Structure formats: structure tokens, C-alpha cells
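Enquirer: For the sequence shown, our numbering begins at 2 and goes up steadily by one. We put the beta carbon where it would ideally sit given N, CA and C, even for glycine. As the structure is a prediction and not an experimental result, all values here were calculated from the model.
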Amino acid sequence: MRRGSAVRITLVAGALAALTISSAAMSPASGAAEVGSQTGVFVDLNKGVWVHGPDLPSGRQDAAVAVMDGRIYLAGGFGPHSAQESTLLVLEPAFPSVEAKPGVAGPIVSHPGEWRYASTMPEPVDHAAAAGLGGYLYVAGGRIEDLVTNKFWRYDPINDEWTELPSMPYPRYGPIMQAVNGKLYLFGGQSSHGNDELSLMIFDPKTNAWTSEDYALGTERFLAGSVVIDNK
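#1: Please check the pair L166 and Y186, which I expect to be a contact at CB under 8 Å, by giving their CB distance rounded to whole angstroms.
#2: Compare the beta carbon distance of E115 and E93 with 9 Å and say whether it is the shorter of the two.
#3: On the DSSP letters alone, give me the boundaries of the beta strand (DSSP E) that S83 sits inside.
#4: When the Cα atoms are used, what is the spatial distance from Y74 to P176?
#5: Among G183, E162, F188 and Q62, which one has its Cα closest to the Cα of H82?
#6: Less than 9 Å separating the beta-carbons of V149 and Y174?
#7: Using alpha carbons as the reference points, say which of L89, K207, E146 and S168 lies closest to L138.
#8: Check the C-beta distance from A129 over to G142 and give it rounded, since I have them as a contact under 8 Å.
#9: Per DSSP, which residues does A131 bridge with? Please list them.
#10: Suppose you measure from the CA of N151 to the CA of P55; what does that come to, to the nearest Å?
#11: Measuring alpha carbon to alpha carbon, tell me which of V66, D147, E86 and G136 ends up nearest S192.
#12: Name the one or two DSSP bridge partners that K207 has.
#13: Can you give the Cα-Cα distance for Y118 and G77, rounded to whole angstroms?
#14: Using 10 angstroms around the beta-carbon of E214, count the other beta-carbons present and answer buried if the total reaches 16, otherwise exposed.
#15: Using the DSSP secondary-structure output, state which residues sit across from D157 in a beta bridge.
#16: Whose CA, out of T164, D205, F204 and G190, lies closest to the CA of D127?
#17: Distance, Cα to Cα, E86 vs L57?
#18: For V126, which three-state DSSP category applies?
#19: In angstroms, rounded to a whole number, what distance separates the CA positions of W154 and V181?
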């Protein structure tokens, strides 16, 4: 039985897109989840081809993914055997070299870049949201153990340090978060009651405070995706 799967697409420097497929298969005999996917797949938007790698050090499911300053950050999620993770993985990708090889279908591509472990998060969390803003990585919500949380953290990549910030007004599980015009917008997801939400929560780093609008979305969104184009 499949526990769940998700596809995360993230633009890197406007030219390279990273696709992380996170899934785990449930063993009918033991009920234990096997390792989630370690596969890293990229598309070179200039050449219109898919390339493979580099793979993650170990499988991840339902992690938070964001891009900041040309690096891909992958926070938390489920690791091997469905264990909640507090790890932060960072990829600084190099652009791939693509060449055709006679007699072989598709392009031959190098596996550029390398994943590294950064400082661990304060707590293991899955189904959180992540976004980069002002040189910091922000991670919000998700689940800690089996409880939906409203906790909110900031990661400083220069000092490799985490800081816990003011909590969100409401707990959220599987929300979406984007940075627009110097603020973080978190929307959708589920509440601690299991209801899909219409609310929007906005964090302003200048005031270090949250505001919220309860019925901002026309339709509930849970485990959805989003992209910012022209700051919209």
C-alpha cells in the first residue's frame, strides 16, 4: 500500500528546475514504510532536456523544499523507515553538460553538484512549508510527531544557525509559502482538526509579526504547489 507521494518543482536561478519525487511504499507484512526516493531529477530549461542527479544522501518524503541564492534547501520530512527528520540538506548545483551519444537514446548528462548536511532543525517535522527571503531560509508549520504545529523557524546559512520566531496564528499542515515584496505569504494546508483551510497568514520580517485573513482563498488548498512570477 502506498503511503503517499508528492512532486515538488523548484526553479533555480531561472534556468534549472529541480524535481524531487518523495514517496514511500508501505510493507503489507510489517506495516513499516520503506525508504523514500533519493532521486534528484533536473530539467535544463535552456536546452529542454531532463537530467539525472545528484541523488540525495538518503530518501526523503514530504520534506519542505525552497531555493535561496541559487541553492536548493530540503528540510525535514520522513526518512528511512518513516522516521521524522530534523535534517537540512543543501544542494549548490552546477549546470550540467549535455551531449548526444551515438546509438543511445536521449542525452548523456553529467551529475553536477553535491548535497551536504547543514545544521539540524530544532525539531523533526514533516509536511512543513519553506521559503527564502533576505538571505534567510524560513520553515513554517507541518507536524511534530503526530500534532499539527504553528511553529516557525529561520535558518541563517552564513552562521549555520536556526532561530525560533513568533509562532503562526494557527497551526498548519501541508501549507504553501512564498516570499513576495519582502513578506512571507502562507496559505492553504490543513488545521489541527483535519479541515482544508481558506486562510492566508502573512509574516513581515521588519515587524517580526504575523497577520492573517481568514477567508482569503476562493477554494481550499492542501499539499498544493505555487510559483512566483514577476513578484506576483
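Expert: Working from what's here:
#1: That belief does not hold up - the Cβ atoms of L166 and Y186 are roughly 16 Å apart, past 8 Å.
#2: The Cβ atoms of E115 and E93 sit closer than 9 Å to each other.
#3: Looking at the DSSP string, S83 is not in any beta strand (DSSP E), and its letter there is neither H nor E.
#4: One alpha carbon belongs to Y74, the other to P176, and they sit about 17 Å apart.
#5: For H82, the nearest C-alpha among the options comes from Q62.
#6: Against a cut-off of 9 Å, the Cβ pair of Y174 and V149 comes out as a contact.
#7: Cα-wise, what sits closest to L138 is L89.
#8: At roughly 5 Å, the Cβ-Cβ gap stays under 8 Å, so A129 and G142 are in contact.
#9: Paired residue(s): V140.
#10: Between the alpha carbons of N151 and P55 lies a gap of roughly 33 Å.
#11: The residue with the shortest Cα to Cα distance from S192 is D147.
#12: Paired residues: none, contrary to the question.
#13: Computed Cα separation, rounded: 12 Å.
#14: So E214 ends up on the exposed side.
#15: Beta-bridge pairing links D157 to E162.
#16: For D127, the closest alpha carbon among the candidates T164, D205, F204 and G190 is that of G190.
#17: Cα-Cα distance, rounded: 14 Å.
#18: It is coil, neither helix nor strand.
#19: Rounded to whole angstroms, W154 to V181 spans 18 Å at the Cα level.
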